[in-house]
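So the mapping is simple: my numbering equals the position in the sequence shown, first residue as 1, plus 1437.
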Amino acid sequence: MNEPQPRRIRSFVRREGRLTNGQQRALDRLYPTWGVSWQSGEPLRIDTLFDRPAPLVLDIGFGDGEALAQMASAHPQRNYLGVEVYRAGTGQLLRQIETQGLTNLKVLLGDASDLLREAIPAGALAGLQLFFPDPWPKKRHHKRRMVQAEWLATVADRLAADGFLHMATDWAEYAEWMLELSSAEPRLVNGHGGFAPNAGERPPTRFERRGVRKGHDVFDLILNKLEA
Ligand SMILES: C[S@@+](CC[C@H](N)C(=O)[O-])C[C@H]1O[C@@H](n2cnc3c(N)ncnc32)[C@H](O)[C@@H]1O
């Protein structure tokens, strides 16, 4: 008999209500073209997601997708896969992909933690972006944070040699947490020795602007996978 599996701790809570008819129609119309159908437990052929092979960057929790669409447009030599659990944001990004005619960006509506663990092969990613993840500030919720030692070990495994991990947050205590945990992962090298002096290639995001309006500082961390 199968043992019951312990419930996984999720980095999100589904608070989203019903989509408006327009939002639902956008998802129904656009997801078949630019969306990726995958559910936990299923295999995924990531090498067949795009029309042409190119270095693949995974963006976790793109929110409304504006910054991600800008990056995909600015880096046509890369393929981008954005993963979100927020359906309205996913619909917004799908609309931007259609309007801008982007061919190097696909969207997956689902849990990025499951995807990374189950469906991304070792060495498959040229980069992983985690911009302004939910900070889960209360101590009893820290276990819900995306960035954990185990997650960083999985990221290190999935990155190709010299692939990058770019994280950003406006929550100072989470920034210190990210710095401390990432320093302890031996396969990730921090060329800046601490926080990056600027945002690098990252355009401002919606949550970043919100944090800045509240007077928060912004912290970027950019690490690279050690050559094998
Ligand atoms: C604070 S928002 C930041 C959004 C965006 N990156 C920005 O900077 O504007 C965090 C996002 O991560 C998404 N998220 C949290 N956990 C996730 C998971 N396990 N898989 C996919 N998306 C997730 C949430 O739905 C939310 O939209």
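Cβ coordinates follow ideal geometry from the N, Cα and C atoms, glycine included.
**Study point:** Check whether V1520 and L1565 have beta carbons under 7 Å apart
**Key:** No, the pair does not count as a contact, with Cβ atoms beyond the cut-off.
**Study point:** Runs of alpha helix (DSSP H) wholly within the stretch 1502-1530 (minimum 4 residues, chain order)
**Key:** Qualifying alpha helix (DSSP H) stretches, in chain order: 1503-1511.
Check your understanding: In angstroms, rounded to a whole number, what distance separates the CA positions of S1477 and E1555?
Key -> One C-alpha to the other measures close to 7 Å.
Exercise for review: Report, in whole angstroms, the separation of the C-beta atoms of S1448 and D1571, which I expect to be a contact under 8 Å.
Suggested key: Between S1448 and D1571, the beta carbon gap of about 6 Å places them in contact (Cβ cut-off 8 Å).
Exercise for review: Take the Cβ of H1578 as the centre, count every other Cβ of all protein chains shown within 10 Å, and call the residue buried at 16 or more, exposed below.
Suggested key: Classification of H1578: exposed, given that the 10 Å Cβ count is below 16.
Practice item. Please classify L1467: does DSSP put it in a helix, a strand, or coil? Key: DSSP places L1467 in the helix class (H, G or I) of the three-state scheme.
Review point. Regarding V1450 and ligand 1, is the C-beta to nearest heavy atom distance less than 6 Å?
Key: Checking the Cβ of V1450 against ligand 1 gives no.
Practice item. Using only the heavy atoms of ligand 1, determine whether one of them is closer than 6 Å to the beta carbon of G1498. Key: For ligand 1, at least one heavy atom lies less than 6 Å from the Cβ of G1498.
Review point. If you count every other CB in all the chains shown that lies within 10 Å of the CB of I1446, and 16 or more means buried, which is it?
Key: It is exposed - the Cβ of I1446 has fewer than 16 other Cβ atoms within 10 Å.
Check your understanding: Cβ atoms of K1662 and A1598: under 7 Å apart, would you say?
Key -> Judged by their CB atoms, A1598 and K1662 are nearer to each other than the 7 Å cut-off.
Exercise for review: Taking L1539 as the reference, give the member of L1616, F1632, S1550, N1516 with the closest Cα.
Suggested key: Ranking L1616, F1632, S1550, N1516 by Cα distance to L1539 puts N1516 first.
**Study point:** Helix, strand or coil at M1604 according to DSSP, with G and I counted as helix
**Key:** In this structure, M1604 counts as strand in the three-state DSSP scheme.
Check your understanding: Heavy atom of ligand 1 less than 6 Å from the Cβ of S1550, yes or no?
Key -> Between ligand 1 and S1550, a heavy atom-to-CB distance of less than 6 Å is present.
Review point. Going straight from the alpha carbon of V1649 to that of F1569, what length do you get?
Key: The alpha-carbon atoms of V1649 and F1569 are separated by roughly 12 Å.
Review point. Does the Cβ of Y1611 lie closer than 6 Å to at least one heavy atom of ligand 1?
Key: No, Cβ of Y1611 sits at least 6 Å from all heavy atoms of ligand 1.
Check your understanding: ligand 1 heavy atoms versus the CB of T1536: any closer than 6 Å?
Key -> Answer for T1536: no, Cβ out of range of ligand 1.
Review point. Is K1543 buried or exposed, if buried means 16 or more other CB atoms sit within 10 Å of its CB?
Key: With 16 or more neighbouring CB atoms inside 10 Å of its own CB, K1543 falls in the buried class.
Practice item. Look up L1546 in the DSSP assignment and say whether it is helix, strand or coil. Key: The answer is strand: DSSP assigns L1546 an E or B state.
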